Structure formats: structure tokens, C-alpha cells
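Okay, so here's the structure we're looking at.
Number of protein chains: 2
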Amino acid sequence: MGKEKIAIIGSGNWGSAIAKIAGQNAARQPDLFEASRIPMWVFEEDVNGRKLTEIINETHVNEKYLPGIKLPENVYATSDLEETVKNATAFIFVLPHQFLGKTIEQLKGKIAPGAKGITLIKGVDVSESHINIFADTIEQELGISCSALSGANIADEETENFRVQTIGDVHGVSLCGALKNIVAVAAGFMDGLEWGDNAKAAIMRNGLIEMKEFTLEFFKDAKAETFFQESAGVADLMTSCMGGRNRKCAEAFVKTGKSFKDLEQEMLGGQISIVTAQDIHKFLKAKNRVEGYPLFEAVYQCAFEGRDVTTVTKSLNAKRPTNSDKTTQSSL
Amino acid sequence: MGKEKIAIIGSGNWGSAIAKIAGQNAARQPDLFEASRIPMWVFEEDVNGRKLTEIINETHVNEKYLPGIKLPENVYATSDLEETVKNATAFIFVLPHQFLGKTIEQLKGKIAPGAKGITLIKGVDVSESHINIFADTIEQELGISCSALSGANIADEETENFRVQTIGDVHGVSLCGALKNIVAVAAGFMDGLEWGDNAKAAIMRNGLIEMKEFTLEFFKDAKAETFFQESAGVADLMTSCMGGRNRKCAEAFVKTGKSFKDLEQEMLGGQISIVTAQDIHKFLKAKNRVEGYPLFEAVYQCAFEGRDVTTVTKSLNAKRPTNSDKTTQSSL
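So the protein sequences, as listed, match chains A and B.
Per our numbering, the very first residue in the first sequence carries number 26; after that it's consecutive.
Per our numbering, the very first residue in the second sequence carries number 26; after that it's consecutive.
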């Protein structure tokens, strides 16, 4: 078998972190990987009057998105997508989801036969009554096998100590990564209200159950164990609810009375965090299934329709009708 | 059917909180409960020169163990165990576990036929190679059916808003309540090291898995769902790892270098928190199964044998041999 040739599609905070790990790991296993030059595709921009690709290739630091962390010397930055993917056999998709569609179009017909991909893109692709994970989009559009990586990580923390476990549930892993954001907002509401660890833990538990039930309802091959036992499930949820950005914005939402839009601008530099709750609400509404997910709906209503956040714990009392109209037991 | 007559065996912090809830709920349902006088057994002691029973019966506040919280007027304190249980049909056991044996001896022959019990006693009864839950001890010794209550709660917080869900897994619920203490110590180590939310979440996830596996190995009728889905499992674990006493002591253990014994004296007024890790270690050693639970063992070794706490996350890499000698997959 030939060696794997890696192409990193993306170069933000998470993209740069994964480039460091991929570059190091390839260098350690030169029998398995084409390790001398690993291309990282950069959406070119000016940083203090210099091109970002130049800065990365001279200093080996992505000053803008992962400052202070040295990338290995075999990783090089390029703004040329075709060059990045030339002869590549192992694609790492790690770009903001809104750029995926256009990037896929540019990649069509330029992928080596037998190549495979892995996506680290956050979120899910929701359009009213359709929901899709990005791994499936990539598989369908590019005709390559694509897996997904998600789990407890914060890019700046993780580059020194990063472990990956493989499991068979691409849908479950992807939905964990998307839906935990809604639960983290609810957890942040509890922090904002200062209602204590019990209320927050109840929210997290019920949120994890709604995440699992949603995924099993709309992705028939997903597995409950992914949510309850895997790092991508319960551990990532805990991390997000203890320290994540959505949690932080939601806490500030309660304490300041400002809108999520303003807070995201102030606190996250414009990164959009609350959109998952809105997307999932629209999807559930189109499916006539809103009442099956009272916690998800409570988060949406508080963020966008002025619902009082002190009523969120009421969602824990709600009976959740299942899609087959059976009544499930109350969840707390 | 006659009305239920409640007897509360115990009057500490948790006992007083449950007395408040039981008194209120009985008063609301006088058709189901003998609601006019609900006895709470108090181990008599002097508080500022007065008897604790007198204080409680005059002020309706347990000044020593639940100060500032008003008990309902139908709850009365007595130091007479026989009077407490006379004609009682519904026993609430909520005393420190070291007093259970003697109390059971005093109760023998004094229990009305058909009575039932529920235990809120923390921990499990471990003696080298035997492990027993207190509900089973009560059933066997007193010949009454006994269930168990455990879950995310902190007595002072919960009296205004307390919900209970019944499930069929008495062993699972009881072991959740005991084993979470070991995991909370490990989580506290992470806080002491200031290693961030990812490391802590990984500890919590792996701890929950060890809790489940331990219980399924030694209590054949326990259910995995209790650990992953119920308040007694994942939610109580989260609460304990975010704010609990074991976590707090363990954090101080790392930061101060003091022994657990000293810290428990200083921080918990002598309440013993680390004993579960020691009990479970002895039990697993007697069963020759220590290596099946690397996180539990790491906590024990750090607390009692001088193991470096920075090595605790290594337990997450360990292969956990199962009892049947199959090798399970690595858990992170």
C-alpha cells in the first residue's frame, strides 16, 4: 500500500490545532504517511499588513487563530485549494460550515480515487424539514468515505495531550457535537440565575436524554451508547456545560439582559453560538415534533421569543410524547 | 386500606430536610397519611445548654443540623426510638451508617406487620470480600420491604423544590450514591491541578463507566441505564463533581498537601468522605479485581499511598480487564 497523503482543509483555531497533531503524528510514522510536507489550506487574509500564509510559513505559528502555539515544520500553509488536495488520500475538513458548500464545488473532480475524509466541522446542516450531517454531505457530493471527529476538546488546551477513540456511529458523534450546544445554553441559564449545581445537573441530564432521543428518532442507525458512554457524548457535554462559550453567553444573557446577537459580538467576536437552537426548532416545527423536546424548545423560546428563563426547569416536568404517540415517563 | 404512618429515623442535615418534605406532603394528603403528628427520632444532644429535641419542638428548626429552615408543625422530635416507630407503616432511614446496626437491633420485634422502609443512608456496607447495600441489610434484618432514595440533592438547597422519580433498580441507585464519591475525589484532583474542564470531564465519564461496570459485576440485577440516564446516576455525579464535599476536599488535598484526615476535620467538621475509596479498594483486592477499576484504584493510591495525583489521568489509558478475562476497549 502507498503512504497516506494528508490534506488539511481549513486553518482556524481548531484547524491549526489539528494541523499540529496531524503533522507530528505523520512525522512519527513516516512509513505510513507522506510526512515531509503537509498542506493546510488557508483562506487568505491580511494580518497587520502581511499575508496569513506567509506568517504561518515563516514563523510556524498561526498568529491570528492559534497564537503562541508552534506548528511542526512539515505543515505548510497555502491559499491554493487545488495544490492542497493534489494526490491527497486523507482529507481533514475543518472549516466553518458556511464555506463547505463552495469548497465542495471546487473539489469536485479533483479527488484521487480511494481517498477518504474526516470532518471536524461543528454543527449539522438543517433546512426546515431536512437534517443532514456534514460527513454525509461530503460522502454524497465528493464520493469519498467520510467519518467525523467530535468530543471533549478545547483547541488551545488539547495540543499537548490528545487521544482519539474510534467508534462506528458517525451520526451519533456528529449530532452530539451539534446538540450539546443547545444544552450548554440551558446550563448557562442556570449559572446566570445562580440556581446551583443540582438544577444545572438536572438540565444536563435531561438535555443528554433529549439529544439521544432526537438523534435516534431522526437517524435510525445512531446508538444510545454514543451519548451516554463516549467522549463525544457525555464528556463533551460536561465540558461544554462547565466551561464552554455557549454556556458563557447564556449566563451573560441572563445577567445582562442583552440579546444573544449582541453578546456573541462582544464575547465571541461574532461567532454564532445560538444558531443550533434556532435550526433545531425550525426543523422540529416542520416535523410537528416540538413538544417531544421541551428543553430544546425552552432554550429556543428564551433566546428568541422572550420566554422567562426561570421557566426552563419546567421543561423537566413536561411529559415528552414520542413520535409514535406513546407517552414516555417523566424524565426527572 | 388504612392510612400510612410515617416514622423518620434520623435527624441530621438530610434527615431534617426530608422531615420537612415528608411533613408537608403528608399534610397535603390527609386521606393517605396519618398527618397530624410525624415523629422524627433524634439522637439527643445538648446544643448551647438545651436539649436538641426541645429546640426542635419549640422553634420547629433543627438549629444544629439544618439551621434557618422551618420544619412543618406536624413534625415532632423525640429521642425515644420505640415511640417513634409505634404503629408506623412507612419508615424513613436517614441516619449515619455507623448507627444503623445498633438501631436495627433496637427495632427488632417492634415493627408493625406489612410496614415498609426507604433508606437515604449514604454509602455501602463493605467488609473485605462482601459488599451489601443498606436496603438489603434492613430487609434481611427487619423483614420489611425496603427501597432506597439517592440522587442529585443538597439538603439546604432542595427543600423548596424536590422531585422524586421511582425506578426498579435499588442496587443501582444505592451504588450510584456510594461510588460517585470516589469519582468526585478524582474530579477534585483535577480542580486542584487546574487541568481544565476537558480533563475533569474525561475523569467524570470514565468514573461513571467504572461505577456502572463495578455494580453490574457485583450486583447482577442492577441496570446500566440507572447510571447513564437517571438522576441518581449521571446527574448526581455531575452535582458531586461540580460542587460536592468530596470534590472540595480533594482539591484542597492537592493544593495544600494536607492529609484527607486533616482536611475532613477542618473542612467537613470530621465527616468522613474518603472512606468509600478505601472500602472499595479493600473489597476489590479481596476479589483480586483491583486492575479492573484503574480510576478507583488511582484515587485510593493517591489518597492513602502517596501516589502522585498527576498520574491519575493515566488510569484513563489503562486497559480494564473484565472478570471473564476478556479485554475491553480502552475507554477514552
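Ideal placement from N, C-alpha and C gives every residue a C-beta, glycine not left out.
The model shown is predicted, which means the values in this text are computed figures rather than measured ones.
If contact is defined by three or more beta carbon pairs under 8 Å, each pair taking one atom from either stretch, is the segment 319 to 332 of chain B in contact with the segment 301 to 308 of chain B?
Under the Cβ criterion (8 Å, minimum of three pairs), the segment 301 to 308 of chain B counts as touching the segment 319 to 332 of chain B.
Using a Cβ cut-off of 7 Å, pull out every chain B residue sitting near A:Gly317, in sequence order please.
Here the premise fails: no neighbours, minimum Cβ distance about 17 Å.
Give the single residue among B:Asp287, B:Gly35, B:Phe239, B:Ile129 whose Cα lies nearest to the Cα of B:Phe308.
It is B:Phe239 whose Cα lies nearest to the Cα of B:Phe308.
For A:Val67, the three-state DSSP class (helix, strand or coil):
coil
Local conformation of A:Ser154 per DSSP, three classes
In the structure shown, A:Ser154 sits in coil (DSSP, three-state: anything other than H, G, I, E or B).
List the endpoints of the continuous beta strand (DSSP E) containing A:Phe116.
Membership of A:Phe116 in the beta strand (DSSP E) is indicated by the continuous run 115 to 118.
Rounded to whole angstroms, what is the Cα-Cα separation between B:Met215 and A:Gly139?
Looking at the two C-alpha atoms, the distance is approximately 43 Å.
Please report the distance separating the alpha-carbon of A:Asp333 from that of A:Glu153.
C-alpha separation (whole angstroms): 26 Å.
Please name the residue or residues paired with B:Lys141 in a DSSP beta bridge.
B:Ala115, B:Ser170
How is B:Thr347 classed by DSSP in three states: helix, strand or coil?
DSSP places B:Thr347 in coil when its eight states are reduced to three.
From A:Glu330 to A:Ser284, what distance separates their C-alpha atoms?
11 Å
Quick check: is the beta carbon of A:Pro271 nearer than 9 Å to any beta carbon in chain B?
Per the sequence shown, the amino acid found at residue 271 of chain A is Asn instead of Pro. Cβ-Cβ to chain B under 9 Å: no for A:Asn271.
Would A:Val110 pass as a contact of B:Val259 if the rule is Cβ separation under 9 Å?
Note that the C-beta distance between A:Val110 and B:Val259 is not below 9 Å.
B:Cys103, enclosing beta strand (DSSP E) - first and last residue:
Note that residue 103 of chain B corresponds to Thr in the displayed sequence, not to Cys. Segment 100 to 103, the beta strand (DSSP E) holding B:Thr103.
Just checking my contact of B:Gly176 with B:Ala257 at CB under 8 Å: how many whole Å lie between their CB atoms?
4 Å
In whole angstroms, what is the alpha-carbon distance linking A:Asp246 and A:Asp194?
8 Å
Secondary structure at B:Arg62, three-state DSSP: helix, strand or coil?
coil
Would you report the Cα separation of A:Lys28 and A:Gln165, rounded to the nearest angstrom?
25 Å
Taking B:Ile117 as the reference, give the member of B:Ile143, B:Ala137, B:Ala51 with the closest Cα.
Of the residues B:Ile143, B:Ala137, B:Ala51, the one whose Cα lies closest to the Cα of B:Ile117 is B:Ile143.
What residues from chain B crowd round A:Thr264, counting only those whose CB sits closer than 9 Å?
Gly221, Asp222, Asn223, Lys225, Ala226, Ala227
Does DSSP put A:Ile31 in a helix, in a strand, or in coil?
strand
Would you say A:Leu341 lies against chain B (beta-carbon separation less than 9 Å)?
Chain B, which has a Cβ nearer than 9 Å to the Cβ of A:Leu341, makes this yes.
The ligand GTP heavy atom lying under 8 Å from the CB of B:Arg188
This structure lacks the ligand GTP, and indeed carries no ligand of any kind.
Using a Cβ cut-off of 7 Å, pull out every chain B residue sitting near A:Gly268, in sequence order please.
Residues of chain B passing the Cβ test: Asp222.
Contact criterion: CB-CB distance below 9 Å. Does A:Asp261 meet it with respect to chain B?
Closer than 9 Å to some Cβ of chain B, the Cβ of A:Asp261 qualifies, so yes.
For chain A, find out if any of its Cβ atoms is closer than 9 Å to the Cβ of B:Ala177; answer yes or no.
yes
Classify B:Lys310 as helix, strand or coil using the three-state DSSP reduction.
Residue state, collapsed to three classes: helix.
Nearest-angstrom Cα separation, counted from A:Cys201 out to A:Gly37
21 Å
Going residue by residue through the segment 167 to 253 of chain A, where are the continuous beta strand (DSSP E) segments of at least 3 residues, counting only ones entirely within it?
170 to 173
What residues in the segment 237 to 257 of chain A have a beta carbon less than 7 Å from any beta carbon of chain B?
For the segment 237 to 257 of chain A, which is checked against every Cβ of chain B, the residues closer than 7 Å are Phe253, Gln254, Ser256.
Taking Cβ-Cβ distances below 7 Å as the criterion, which residues of the segment 44 to 67 of chain B are in contact with chain D?
The chain labelled as chain D is not found among the protein chains of the depicted structure, namely A and B.
Own chain, CB closer than 6 Å to B:Phe244, minus 5 neighbours either side, in chain order:
Taking C-beta separations shorter than 6 Å and ignoring five residues to either side along the sequence, the partners of B:Phe244 in its chain run His196, following chain order.
Report the three-state DSSP secondary structure of B:Val72 (helix, strand or coil).
strand
By Cβ distance, which residues of its chain are closer than 6 Å to B:Ala180, with the 5 residues on each side in sequence left out?
Caution is warranted here: a pLDDT of 49 is assigned to B:Ala180, below 50, making its placement in the model unreliable, and the coordinate value is therefore given only provisionally. Closer than 6 Å at Cβ, skipping near neighbours: Asn38, Trp39, Ala42.
Scan the segment 192 to 214 of chain A for residues whose Cβ lies nearer than 7 Å to a Cβ of chain B and list them as they occur along the chain.
none
Within a Cβ cutoff of 6 Å, which residues of the same chain sit near B:Asn206, ignoring the five residues on either side of it in sequence?
If we look at B:Asn206 and ignore the five residues flanking it on each side, its Cβ neighbours are Asn271, Thr301.
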